[in-house]
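See the structure below:
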């Protein structure tokens, strides 16, 4: 019975080395896929920005100014007491 068990024995070192090799190969393939995805995303974003009528920096500045103006208007209305009046429901 001992001879049957020994004949089916696979060296642990070989299995460990095979598993490590497959893991490294999978990691390299994963990194290559991630790099390819990143390059494709950068190309797509650059193409999209190039097609925009207004550059993103100008668009962001425009919306920042609108938001700041709305904040100032709200703060001024609150200070003047316009928002402290009760709402009428009729």
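Residue numbers (full-length UniProt numbering): 1 to 90. All C-beta atoms, glycine included, are put in the ideal place defined by N, C-alpha and C.
Legend entry - Rounded straight-line distance, which links the Cα of residue 56 to that of residue 71: 22 Å
Legend entry - Extent of the continuous alpha helix (DSSP H) to which residue 13 belongs: 12 to 51
Legend entry - Segment limits, alpha helix (DSSP H) that includes residue 56: 56 to 80
Inset, instruction - In angstroms with no decimal places, state the Cα-to-Cα distance between residue 9 and residue 15. - result: 11 Å
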